[in-house]
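S.K.:
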Amino acid sequence: RKAAMMMMSKRRPWVLLLFLVGGRCLVVAPRLAVRRTVRRGTESSAEAEGENPAPEENFRSGFVAVVGSPNVGKSTLVNAFVGQKLCIATSKAQTTRHSILALAAGDGYQMALTDTPGVLSDPAYPLQKQMVVAARRACRDAEVVLFVTDIFEAEDAAANIRRWVGDLGGEDDEDGVPLVVAVNKVDLIRDTDDDGAPLLGEAAMALVGSEELALQRAREAAPDARAVVPVSALRGNDGGVESLKKLLVSLLPASPPVYPPDENDDDGDDGPLTNRPARFFAAEIVREAILTHYSKEIPYSCEVRIDRFRENLLPDILEIHATILVARDSQKAIVIGAKGNAIKDTGIAAREALEDFFQVNKVRLYLRCKVRKNWRSDESALRQFGYID
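Have a look at this one:
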């Protein structure tokens, strides 16, 4: 909410070292100050003079790439670090398609987290290949790599992803990038019913074994990791998120803030939480509703395009026109549903989430569905949707 309010109600200078364009991490110039003003969906930039000041004593700042398999809780963990819901998260794998920069800042540190798409060992079509490219680029630009697994992931699967991280120079040696492993969802093991039995269930517990066994699998998959940390992203600080954050901060280099705080800011925050525009989050929130309301191949065949984002029509009202693009004609009928009920229900859920995110009394959301044949394999479509530069 704080991020949305900053995008909507302020014009603030940003100093950026890195932009995320279609999931690609692009370094503009080391320590080059770039003036950037963000208000809802509009952005403008002009180069500022001078370089950042010398590092403040004991201040740590840098980029952390959050990588791992699909559906292990990377986005939920990033949201917990930031204290706001910036990244959509559902129970479906491959919810995240774009890399998203999120800023966690506090006393003596500023940590720029890159939430990345889940790493696939065998991408099936060009969209998935571009998602893997986004994760690779995030690792290459990071000061620290946070590899997220969970209690269910088999050792060989985690080891495959770990080798992928190692190929990028993420080895924890003198010249490599420090690696930290977070084993997520440990609350499912720790929680018990009134009789003291794990809530996870006997079959799942037989698969997982125990928390210690899950941690041991992670250690064996990444023997060179700086630390293997149990965590529950859903529980936030009560689930070990704060301890993990302190560990990551300790591994960041001494450096001035990547995003210097606004000296004229009176609300006590430490600057922007993300470099994505409001239109991006509007599309993501609609796509989250699609992931929740549809099953099988439909959520993975949909892309959301924001056609119009209008503010200030009336006080505290947003008007958003969005198109749901599908890959085949048959999918369009499913998205719309009988008498339009399916797309109507999706719109209701999305509208409520948009009102909550942007902190407005009313969002007028207009959805339509169109076919963009085989867009996931169409390079021009992927470029248009921001997956390719």
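Letter by letter, the sequence shown follows residues 633 to 1021 of the working numbering.
Here a beta-carbon is modelled for each residue, glycine too, at the ideal position from N, C-alpha and C.
Since we're looking at a predicted model, the values are computed, not measured.
Can you tell which of Asp773, Lys976 and Val992 has the C-alpha that lies nearest to the C-alpha of Pro810?
M.R.: Measuring from the Cα of Pro810, the nearest candidate turns out to be Asp773.
S.K.: If you count every other CB in all the chains shown that lies within 10 Å of the CB of Thr824, and 16 or more means buried, which is it?
M.R.: Its Cβ having fewer than 16 others within 10 Å, Thr824 is exposed.
S.K.: May I ask which residues mark the beginning and end of the beta strand (DSSP E) holding Ala744?
M.R.: Its beta strand (DSSP E) spans residues Tyr741 to Asp747.
S.K.: Let me know the alpha helix (DSSP H) ranges lying completely inside the region 689-744, each 4 residues or longer, listed in chain order.
M.R.: Counting whole runs of 4 or more residues, the region 689-744 contains the alpha helix (DSSP H) stretches 706-714.
S.K.: When DSSP labels each residue in this structure, what does Val780 get in the three-state scheme?
M.R.: Val780: strand per DSSP, three-state reduction.
S.K.: So the alpha helix (DSSP H) Val881 belongs to, where does it begin and stop?
M.R.: Here the alpha helix (DSSP H) through Val881 covers Val873 to Leu883.
S.K.: Is the distance from the Cβ of Val840 to the Cβ of Phe784 below 9 Å?
M.R.: Against a cut-off of 9 Å, the Cβ pair of Phe784 and Val840 comes out as a contact.
S.K.: What residues are listed by DSSP as bridge partners for Leu946?
M.R.: Looking at the DSSP assignment, Leu946 forms no beta bridge with any residue, so it has no partner.
S.K.: Using a Cβ-Cβ cut-off of 6 Å (strictly less than) and excluding sequence neighbours within five positions of Ala954, which residues of its own chain qualify?
M.R.: Excluding residues within five positions, the ones whose Cβ falls inside 6 Å are Val918, Val936, Ile938 and Leu999.
S.K.: Rounded to a whole number of angstroms, what is the C-alpha to C-alpha distance between Glu843 and Ala865?
M.R.: Roughly 15 Å between the two C-alpha positions.
S.K.: Hey, could you find the ends of the alpha helix (DSSP H) Val992 is sitting in?
M.R.: Note, Val992: premise wrong, no alpha helix (DSSP H); not H, not E.
S.K.: Restricting to Cα atoms, I'd like to know which of Asp988, Val699, Glu920 and Gly705 is closest to Asn796.
M.R.: It is Trp, not Asn, that sits at residue 796 in the sequence shown. Ranking Asp988, Val699, Glu920 and Gly705 by Cα distance to Trp796 puts Val699 first.
S.K.: Check whether the Cβ atoms of Leu923 and Ile732 lie closer than 9 Å to each other.
M.R.: No.
S.K.: Judging by CA-CA distance, which residue of Leu905, Ala786 and Asn944 is the nearest neighbour of Ala846?
M.R.: Per the Cα distances, Ala786.
S.K.: Excluding the 5 residues preceding and the 5 following Asn1006 in the sequence, name in chain order all residues of the same chain whose CB lies nearer than 6 Å to its CB.
M.R.: If we look at Asn1006 and ignore the five residues flanking it on each side, its Cβ neighbours are Ala959.
S.K.: Report all residues from its chain with a CB closer than 7 Å to the CB of Arg849; omit the five preceding and five following residues, and keep chain order.
M.R.: Correct list, in chain order: Glu787 and Ala790.
S.K.: In three-state terms, what does DSSP make of Asn626?
M.R.: In this structure the chain extends from 633 to 1021, so residue 626 is not present and cannot be described.
S.K.: In whole angstroms, what is the alpha-carbon distance linking Ser693 and Leu735?
M.R.: Taking the straight line from one Cα to the other gives about 10 Å.
S.K.: In its own chain, which residues sit with a C-beta less than 6 Å from the C-beta of Arg940, not counting the 5 before and 5 after it?
M.R.: Same-chain partners within the cutoff: His953.
S.K.: What are the partner residues of His953, as DSSP defines its beta bridges?
M.R.: In DSSP, His953 forms a bridge with Arg940 and Tyr998.
S.K.: On a Cα-Cα basis, can you pick out the residue from Phe989, Tyr926 and Val764 that is closest to Asp977?
M.R.: That would be Tyr926, whose Cα lies nearest to the Cα of Asp977.
S.K.: For Ala661, which residues in the same chain have their Cβ closer than 6 Å to its Cβ, ignoring the five residues on either side in sequence?
M.R.: With a pLDDT of 29 at Ala661, under the threshold of 50, the predicted position of this residue should be treated as unreliable, though the coordinate-derived value follows. Nothing listed; no residue qualifies.
S.K.: For Gln742, count neighbouring C-beta atoms within 10 Å of its own C-beta (all shown protein chains included) and say buried if the count is 16 or more, exposed if not.
M.R.: Classification of Gln742: buried, given that the 10 Å Cβ count is 16 or more.
S.K.: When DSSP labels each residue in this structure, what does Cys771 get in the three-state scheme?
M.R.: The answer is helix: DSSP assigns Cys771 an H, G or I state.
S.K.: In the structure shown, what three-state DSSP assignment does Asn869 receive?
M.R.: Looking at Asn869 - three-state DSSP - the assignment turns out to be helix.
S.K.: When DSSP builds the beta bridges, which residues end up paired with Leu811?
M.R.: DSSP, once it has assigned bridges, lists Val777 as partnering Leu811.
S.K.: Quick check on Pro931: buried or exposed, where buried means 16 or more other Cβ atoms within 10 Å of its Cβ?
M.R.: Burial call: buried.
S.K.: Are Val710 and Asp782 close, meaning C-beta to C-beta below 9 Å?
M.R.: Contact: no.
S.K.: Take the Cβ of Ala725 as the centre, count every other Cβ of all protein chains shown within 10 Å, and call the residue buried at 16 or more, exposed below.
M.R.: Under this definition Ala725 is an exposed residue.
S.K.: Taking Ala859 as part of the beta strand (DSSP E), name the residues at either end of that continuous run.
M.R.: Looking at the DSSP string, the run of the beta strand (DSSP E) that includes Ala859 is Ala859 to Pro862.
S.K.: Evaluate Gly833 with the Cβ neighbour count: other Cβ atoms within 10 Å of its Cβ, from every protein chain shown; 16 or more gives buried, anything less gives exposed.
M.R.: So Gly833 ends up on the exposed side.
S.K.: Kindly confirm or deny that the region 879-891 and the region 739-754 touch, where touching means at least three C-beta pairs closer than 8 Å.
M.R.: Yes, the region 879-891 is in contact with the region 739-754.
S.K.: Could you tell me how far apart the beta carbons of Leu1014 and Leu759 are, in whole angstroms, since I believe they sit closer than 8 Å?
M.R.: Confirmed, Cβ separation roughly 6 Å.
S.K.: For Gly979, count neighbouring C-beta atoms within 10 Å of its own C-beta (all shown protein chains included) and say buried if the count is 16 or more, exposed if not.
M.R.: It is buried - the Cβ of Gly979 has at least 16 other Cβ atoms within 10 Å.
S.K.: Distance check for Arg768 and Cys934, CA to CA, integer angstroms please.
M.R.: Their Cα atoms are separated by approximately 24 Å.
S.K.: Is the CB-CB distance between Ala985 and Ala915 below 9 Å?
M.R.: In this structure, Ala915 does not lie closer than 9 Å to Ala985 by Cβ.
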